[in-house]
Amino acid sequence: MTIYKLFMDPSGRHIIITSVQGENWYLHRSWKKPRPLKGFKMVIESIAWNKPALLSSSHSTSTKELLIGARNGTIYEAVLDAEEDFFKSSERYLQSVFSLPERHPITGIKFDYFPPSDPKKTHVLVTTPTRIYQFAGPIERKSDDVGRVFATLFATYRDTAPKILELPGNLQHSELQFFTPNSDQALSLPKRVAWMTGPGIYHGSVSVDSDSEDHIDSAALLPYPPSAGSDIAEVPLSLSLTEFHFILLYKDRVVGICNLDDRATYEETLPIKSNETVLGLAADPVRKTYWVFTDQSLFEIVVGNEDRDVWKIYLNKSQFDVALRYAKTALQRDQILIAQANDFFDKKHYFQAAQCYAHCSATFEEVSLKFLDAGKDAEDVEFYLSKCNELDDIVASESVSQDVENLRAERTIVEDDLRHFFETYRANLDKETVYDLIQGHGRTDMYLFYATTIGDFQRVVEHWVLEEQWTKAIEVISRQSDVELYYRFGPVLMHQAPKETVDSWLRQSSIDPLRLVPSLLQLQHVVRDPLSPNHAIRYLNHVIFEQNNTSPTIHNLLVTFYVSPTSPPSSTPSEDDGPLLRFLTTAPTDPITGRPYYDLDYALRICKLAGRTQPCVHIYSKMGLWENSVELALEKGDLELAKINADMPEDDQPLRKKLWLKIARYVVQDKKDIKSAMRFLENADLLKIEDILPFFPDFVVIDDFKEEIAHALEGYSAQIDTLKADMDEATRTAESIKQDIAALKNRFITIDANEQCSHCSTLLLTRQFYVFPCHHMFHADCLIGLAKEYLPAHSLRRIVTLQTELLKDARNRGQVSKPTLVISSPPGGRHPTTQRTLLSSNFGPIVNPLQNGAKAANLLGRSVISAGDRLRDLIIPDALAALVTAPNWLPGMGGNNRTTGYEQTIGEKKLESMRTELEQVLSSNCPLCESVVAGLDKPFVMDGEVDTSWTL
Numbered sequence: 001m002t003i004y005k006l007f008m009d010p011s012g013r014h015i016i017i018t019s020v021q022g023e024n025w026y027l028h029r030s031w032k033k034p035r036p037l038k039g040f041k042m043v044i045e046s047i048a049w050n051k052p053a054l055l056s057s058s059h060s061t062s063t064k065e066l067l068i069g070a071r072n073g074t075i076y077e078a079v080l081d082a083e084e085d086f087f088k089s090s091e092r093y094l095q096s097v098f099s100l101p102e103r104h105p106i107t108g109i110k111f112d113y114f115p116p117s118d119p120k121k122t123h124v125l126v127t128t129p130t131r132i133y134q135f136a137g138p139i140e141r142k143s144d145d146v147g148r149v150f151a152t153l154f155a156t157y158r159d160t161a162p163k164i165l166e167l168p169g170n171l172q173h174s175e176l177q178f179f180t181p182n183s184d185q186a187l188s189l190p191k192r193v194a195w196m197t198g199p200g201i202y203h204g205s206v207s208v209d210s211d212s213e214d215h216i217d218s219a220a221l222l223p224y225p226p227s228a229g230s231d232i233a234e235v236p237l238s239l240s241l242t243e244f245h246f247i248l249l250y251k252d253r254v255v256g257i258c259n260l261d262d263r264a265t266y267e268e269t270l271p272i273k274s275n276e277t278v279l280g281l282a283a284d285p286v287r288k289t290y291w292v293f294t295d296q297s298l299f300e301i302v303v304g305n306e307d308r309d310v311w312k313i314y315l316n317k318s319q320f321d322v323a324l325r326y327a328k329t330a331l332q333r334d335q336i337l338i339a340q341a342n343d344f345f346d347k348k349h350y351f352q353a354a355q356c357y358a359h360c361s362a363t364f365e366e367v368s369l370k371f372l373d374a375g376k377d378a379e380d381v382e383f384y385l386s387k388c389n390e391l392d393d394i395v396a397s398e399s400v401s402q403d404v405e406n407l408r409a410e411r412t413i414v415e416d417d418l419r420h421f422f423e424t425y426r427a428n429l430d431k432e433t434v435y436d437l438i439q440g441h442g443r444t445d446m447y448l449f450y451a452t453t454i455g456d457f458q459r460v461v462e463h464w465v466l467e468e469q470w471t472k473a474i475e476v477i478s479r480q481s482d483v484e485l486y487y488r489f490g491p492v493l494m495h496q497a498p499k500e501t502v503d504s505w506l507r508q509s510s511i512d513p514l515r516l517v518p519s520l521l522q523l524q525h526v527v528r529d530p531l532s533p534n535h536a537i538r539y540l541n542h543v544i545f546e547q548n549n550t551s552p553t554i555h556n557l558l559v560t561f562y563v564s565p566t567s568p569p570s571s572t573p574s575e576d577d578g579p580l581l582r583f584l585t586t587a588p589t590d591p592i593t594g595r596p597y598y599d600l601d602y603a604l605r606i607c608k609l610a611g612r613t614q615p616c617v618h619i620y621s622k623m624g625l626w627e628n629s630v631e632l633a634l635e636k637g638d639l640e641l642a643k644i645n646a647d648m649p650e651d652d653q654p655l656r657k658k659l660w661l662k663i664a665r666y667v668v669q670d671k672k673d674i675k676s677a678m679r680f681l682e683n684a685d686l687l688k689i690e691d692i693l694p695f696f697p698d699f700v701v702i703d704d705f706k707e708e709i710a711h712a713l714e715g716y717s718a719q720i721d722t723l724k725a726d727m728d729e730a731t732r733t734a735e736s737i738k739q740d741i742a743a744l745k746n747r748f749i750t751i752d753a754n755e756q757c758s759h760c761s762t763l764l765l766t767r768q769f770y771v772f773p774c775h776h777m778f779h780a781d782c783l784i785g786l787a788k789e790y791l792p793a794h795s796l797r798r799i800v801t802l803q804t805e806l807l808k809d810a811r812n813r814g815q816v817s818k819p820t821l822v823i824s825s826p827p828g829g830r831h832p833t834t835q836r837t838l839l840s841s842n843f844g845p846i847v848n849p850l851q852n853g854a855k856a857a858n859l860l861g862r863s864v865i866s867a868g869d870r871l872r873d874l875i876i877p878d879a880l881a882a883l884v885t886a887p888n889w890l891p892g893m894g895g896n897n898r899t900t901g902y903e904q905t906i907g908e909k910k911l912e913s914m915r916t917e918l919e920q921v922l923s924s925n926c927p928l929c930e931s932v933v934a935g936l937d938k939p940f941v942m943d944g945e946v947d948t949s950w951t952l
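Okay, so the sequence shown: first residue is 1 according to UniProt numbering, each after it adds one.
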């Protein structure tokens, strides 16, 4: 599948994609991927969008009616809609409305309605590589029918041929481009048209609302400029049209040609790679941007200062008024005025010549000599005003004369001339001087006209305010763009005409609402009709909800207006609370803090002062003060409101229960209605009968809630049965775990007779040994020597204790002929010091620990480490192995032949218990596996060791 062209509508919401194979797709801005247009089985060459409908509605999902030009020469009318409708597809309408006789591809198509505000007719331009067609006529738009707008228009051309212009050539591709002033406005109409054909660029002005058959005025054909170093014209790849230029795209450059004098004014080479191919030129008519796209790059053509020399071209054409519109400097304007004055003088239009000479740099002597030679004098503002006053006096004195109408007509002409004089020379007149002259003659109408002409709207508004013409003052403010006038005259206009003033504010979106606060406060204490809306509230609601204003001042002001209405109080306070509650509920909140923009404390304070109970309860809940909200609702007797607020803290069940208990206390003790309390208990899922029993009086008949008590007791009985079943299950689980532990004692591992100790690498069966589940095997003494290196201090102390006890027992039994470890008694017959004394003695003397804390802490840390090392020194692996192992242990046996059963005495049981404990401590973990974890923080080469493992 090969993509051929893409078409985007002026609003940027709809895209139609066509392929070389005739398959088409539709993509809306809200979609993630395009959808196929199953009914569109054609190669689309051009599309005419309904620009007025697309730009006037920013939320519509429909393309409205559009015209499609196909490669087979057929014109289709279609409507697409992206609205999600299960019963309708996006293809709402598609119908062939006209076919060109020669069946050439339709390379360009465009339609416009006129008049734009109330379309009754349409004009359609269609181009092929060699022909341009014009269709014009009325349209029939049915309100209940989607599409089918152009069927009537094209039906009239089935028997009669449209307006056709043919320019033969061999060019296979063609383009139709338009320039539309203010193209971002929905009702704007095209001004110029350009058609790229084989012989050249056919261009002219578009007159849509013309009654003639040809709607292209001042048509001309511009031949293509020759290529560099050759006299042969080079046909461009693409064309675009600006206000004053044609933009021509070639395979390696862009050329700009002025459409006023057909001169090339711009040429620039495209910075493309050798293997890069230029594809085309695209324009955004709404944004006025132009883009060159290749198969690898995208370039933007920035159009700036396009009308720089336009004034000079119009000056050469003697179109002075147009040239003045495009003059940008005083020097340019002076040249135009001098040329225009000379032209008027040559044509004997002396009055216009005098006006032009007055505003140019021509010397007074030169102009005076010219007019003296012609017998004319220059006129000024004083002349006009004096003439107007003179005519007024004559009309007043000759009111019964027959020449009054002529005098009035003459006065009207003079006034029109004066107005034209003001409009033409407003930039050259001294403002204060003109005001003094007009006021000296008492011409209020000319005073207002001149002030309006030069943009001095402040004087105009001041005049109407002094005249108490409030509506006219508002109209003047609305017509101008200076927002300072809204702030200056807002208080007086808001007091006198609030509705019209607010309407003007709503039309001006650039107003700062904070600067209108003094104006809004004018309505705070003004008594108004209760049937009429509060316009201050209307404006503040618009600012908050439509303009998304987040200023706390604006939000607090709206709360103030809601709380303190200017209309007389209503008979039902709940009706007055409705608007305020709606605002408090729907007011925007800060996305970061989650709190409303208005000040909750301020809103609570003014609501309390005004006696607004429901708003106070709502604000308490906004602040998270649920107890206050429930108490206030109960204080005012609003039980339902209290229930609603009691359920709000959904994540805090204890707090909810506490709030419901407050309500229950109110229902039982304050209302003293047992039946109501029982009904309340049925609706409260968090409370039970025992929760509210303390609230009942001591002497109350139990019959009213006997059934509820019975239900509660039945529930408790069911809970007790459930707990008992859980306990039985836990007991069975514990027994099962004990059985599993007992079974672990019978584990065994089969070893080979040649197995070696994992530590000393000698035969394992030569003496007592231990085998671990990880298949590491150790002699008993080897295991003790390894285990003492990683065991913690408390385990070491226990081993020393057990070692001492077992040695005592061995000496008493005579089993130690030559003790490995001898603990001598000091003189005096005192007992040997215990391991606690031995450990504490290693801490050393600490003198004055409170006075030398840091030194004492360091000494204590070193002593603890030293004590741990000394404990390891007290453990003798050979001695411990002899104590754990029976003296008659034989090779090939994993243990000793201790007596069991009834033969063991109490001492033997104690001895066996100590041996078992010692074995558990020593063999709790494999020393090799455990040392890996315990030695993670130790270096590979210890201090004082010399690493020679890498020595060659």
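For each residue, glycine too, the CB sits at the ideal point set by N, CA and C.
Since this is a predicted model, take the numbers as computed values, not measurements.
For Phe-489 and Asp-512, the rounded distance between their alpha carbons: The residue given as residue 512 occupies position 512 in the sequence shown. The residue given as residue 489 occupies position 489 in the sequence shown. Cα to Cα, Asp-512 sits roughly 14 Å from Phe-489.
task: Could you spell out where the alpha helix (DSSP H) holding Gln-614 opens and where it closes?
output: One-based indexing of the sequence shown puts residue 614 at position 614. Gln-614 -> alpha helix (DSSP H) spans 613-622.
- prompt: Taking Cβ to Cβ, would you say Ala-330 is nearer than 8 Å to Trp-311?
  reply: Taking the sequence shown and counting its residues from 1, one reaches residue 330 at position 330. Taking the sequence shown and counting its residues from 1, one reaches residue 311 at position 311. Not a contact, by the Cβ cut-off of 8 Å.
- prompt: Which residues mark the beginning and the end of the beta strand (DSSP E) in which Leu-27 is found?
  reply: Residue numbering aside, residue 27 sits at position 27 when the sequence shown is read from its first letter. Per DSSP, the unbroken beta strand (DSSP E) holding Leu-27 starts and ends at 24-28.
Presumed contact (8 Å Cβ cut-off) between Pro-491 and Pro-518, rounded CB distance: One-based indexing of the sequence shown puts residue 491 at position 491. One-based indexing of the sequence shown puts residue 518 at position 518. In this structure, Pro-491 and Pro-518 form a Cβ contact; the two beta carbons are roughly 6 Å apart against a cut-off of 8 Å.
- request: Could you tell me whether the stretch 36-51 touches the stretch 93-106, where touching means 3 or more Cβ pairs closer than 8 Å?
  value: Yes, the stretch 36-51 touches the stretch 93-106.
Rounded separation between Glu-755 and Leu-763 - CA only: Position 755 of the sequence shown holds residue 755. Position 763 of the sequence shown holds residue 763. The straight-line gap from Cα to Cα measures roughly 6 Å.
query: Taking just the CA atoms, how far does Glu-83 sit from Thr-61?
result: Numbered from 1 along the sequence shown, position 61 holds the residue referred to as residue 61. Numbered from 1 along the sequence shown, position 83 holds the residue referred to as residue 83. Looking at the two C-alpha atoms, the distance is approximately 6 Å.
- prompt: Three-state secondary structure (DSSP) at Ala-1?
  reply: Position 1 of the sequence shown holds residue 1. Looking at the sequence shown, residue 1 is not Ala but Met. Reduced to three states, the DSSP call for Met-1 is coil.
As assigned by DSSP and simplified to three states, the class of Ala-327: Taking the sequence shown and counting its residues from 1, one reaches residue 327 at position 327. Coil at Ala-327, not helix or strand.
- prompt: Looking only at C-alpha atoms, which of Pro-138, Val-303, Gly-304 sits nearest to His-123?
  reply: Against the sequence shown, residue 123 aligns to sequence position 123. For the residues Pro-138, Val-303, Gly-304, the minimum Cα distance to His-123 belongs to Pro-138.
task: Within 10 angstroms of the Cβ of Thr-128, are there 16 or more other Cβ atoms? Answer buried if so, exposed if not.
output: Locating residue 128 in the sequence shown gives position 128, counting from the first residue. Using a 10 angstroms sphere on the CB of Thr-128, the tally of other CB atoms reaches 16 or more, which defines it as buried.
- prompt: Which of helix, strand or coil does DSSP assign to His-775?
  reply: Residue mapping note: residue 775 aligns to position 775 of the sequence shown, counting from 1. DSSP places His-775 in coil when its eight states are reduced to three.
message: Between the alpha carbons of Pro-596 and Lys-472, how many angstroms are there, rounded?
response: For this step, residue 596 is matched to residue 596 along the sequence shown. For this step, residue 472 is matched to residue 472 along the sequence shown. If you take the alpha carbons of Pro-596 and Lys-472, they lie about 40 Å apart.
CA-to-CA distance, Tyr-157 to Leu-171, given in whole angstroms: Translated into positions along the sequence shown, residue 171 becomes position 171. Translated into positions along the sequence shown, residue 157 becomes position 157. For Leu-171 and Tyr-157, the distance between alpha carbons rounds to 27 Å.
- request: State the start and end residues of the unbroken beta strand (DSSP E) segment that holds Tyr-202.
  value: One-based indexing of the sequence shown puts residue 202 at position 202. First-last of the beta strand (DSSP E) with Tyr-202: 200-206.
task: Compute the distance between the beta-carbons of Phe-135 and Val-97, then report whether it is under 8 Å.
output: Here residue 135 refers to the residue found at position 135 of the sequence shown. Here residue 97 refers to the residue found at position 97 of the sequence shown. No, they are not a contact pair.
task: Would you mind listing the alpha helix (DSSP H) stretches within the stretch 137-193 that are 4+ residues and don't spill past its ends, in chain order?
output: 151-155
- request: Please state whether DSSP places Ala-339 in a helix, a strand or coil.
  value: Residue numbering aside, residue 339 sits at position 339 when the sequence shown is read from its first letter. Helix, per DSSP.
field: Best match in Val-559, Pro-52, Ser-931 for proximity to Ser-117 [C-alpha to C-alpha]
entry: Translated into positions along the sequence shown, residue 117 becomes position 117. Here the closest residue by C-alpha is Pro-52.
query: If we call anything under 8 Å between Cβ atoms a contact, is Glu-77 one with Glu-65?
result: If you number the sequence shown from 1, residue 77 lands on position 77. If you number the sequence shown from 1, residue 65 lands on position 65. In this structure, Glu-65 lies closer than 8 Å to Glu-77 by Cβ.
task: If I'm right that Leu-189 touches Thr-180 with Cβ under 8 Å, what's the distance once you round it to whole angstroms?
output: Here residue 189 refers to the residue found at position 189 when the sequence shown is read from its first residue. Here residue 180 refers to the residue found at position 180 when the sequence shown is read from its first residue. About 7 Å separates the two Cβ atoms, so the contact holds.
- request: Let me know if Ala-725 comes out buried or exposed under the rule of 16 or more other beta-carbons within 10 Å of its beta-carbon.
  value: Walking along the sequence shown from the start, residue 725 turns up at place 725. Answer is exposed; the Cβ neighbour count stays below 16.
message: Can you tell me whether Gln-480 is helix, strand or coil according to DSSP?
response: Working through the sequence shown from its first residue, we reach residue 480 at position 480. Three-state DSSP puts Gln-480 in coil, outside helix and strand.
- prompt: Between the C-alpha atoms of residue 953 and Tyr-266, what's the straight-line distance to the nearest angstrom?
  reply: Since the displayed the chain opens at 1 and closes at 952, residue 953 lies outside it and no answer follows.
- prompt: When you compare each of Cys-774, Leu-786, Trp-470 to Ile-875 by their alpha carbons, which one comes out closest?
  reply: Here the question's residue 875 lines up with position 875 in the sequence shown. When each option's Cα is compared against that of Ile-875, the closest is Leu-786.
task: Would you mind reading off the limits of the alpha helix (DSSP H) that contains Pro-223?
output: The count along the sequence shown starts at 1 and reaches residue 223 at position 223. Segment 216-223 is the beta strand (DSSP E) holding Pro-223; no alpha helix (DSSP H) there.
task: Indicate the three-state DSSP secondary structure (helix, strand or coil) for Pro-552 in the structure shown.
output: Position 552 of the sequence shown holds residue 552. Reduced to three states, the DSSP call for Pro-552 is helix.
query: Does DSSP put Gly-844 in a helix, in a strand, or in coil?
result: Within the sequence shown, residue 844 is the residue found at index 844, counting from 1. Confidence in Gly-844 is poor, its pLDDT being 41 and thus under 50, which makes the residue's placement unreliable; the coordinate value appears in the next sentence. Coil at Gly-844, not helix or strand.
query: So, helix, strand or coil for Asp-577, using DSSP?
result: Along the sequence shown, one-based indexing puts residue 577 at 577. Asp-577: helix per DSSP, three-state reduction.
query: Closest to Ala-587 by CA distance: which of Arg-325, Val-559, Val-502, Met-727 is it?
result: Numbered from its first residue, the sequence shown carries residue 587 at position 587. The candidate whose alpha carbon is nearest that of Ala-587 is Val-559.
- request: Return the chain-ordered list of same chain residues with a C-beta closer than 6 Å to the C-beta of Leu-222, the five sequence neighbours on each side being excluded.
  value: Numbered from 1 along the sequence shown, position 222 holds the residue referred to as residue 222. So the list reads Gly-200, Ile-201, Asp-262, once near-sequence residues are dropped.
task: Take residue 953 and list the residues in its own chain whose beta-carbon comes closer than 7 Å to its own, dropping the five residues that flank it on each side.
output: As displayed, the chain neither begins before 1 nor continues past 952, which places residue 953 out of reach and without an answer.
- prompt: From residue 1008 to Gly-578, what does the alpha carbon distance come to, in whole angstroms?
  reply: No information on residue 1008 is available, as it lies outside the stretch 1 to 952 that the chain covers here.
- request: Could you round the C-beta distance between Ile-313 and Thr-294 to whole angstroms and report it? I think they count as a contact, below 8 Å.
  value: For the purposes of this step, residue 313 is identified with residue 313 of the sequence shown, where counting begins at 1. For the purposes of this step, residue 294 is identified with residue 294 of the sequence shown, where counting begins at 1. About 33 Å separates the beta carbon of Ile-313 from that of Thr-294, a gap too long to meet the 8 Å contact definition.
For Gly-204 and Ala-220, the rounded distance between their alpha carbons: Locating residue 220 in the sequence shown gives position 220, where the first residue counts as 1. Locating residue 204 in the sequence shown gives position 204, where the first residue counts as 1. Distance between the alpha carbons of Ala-220 and Gly-204 is about 6 Å.
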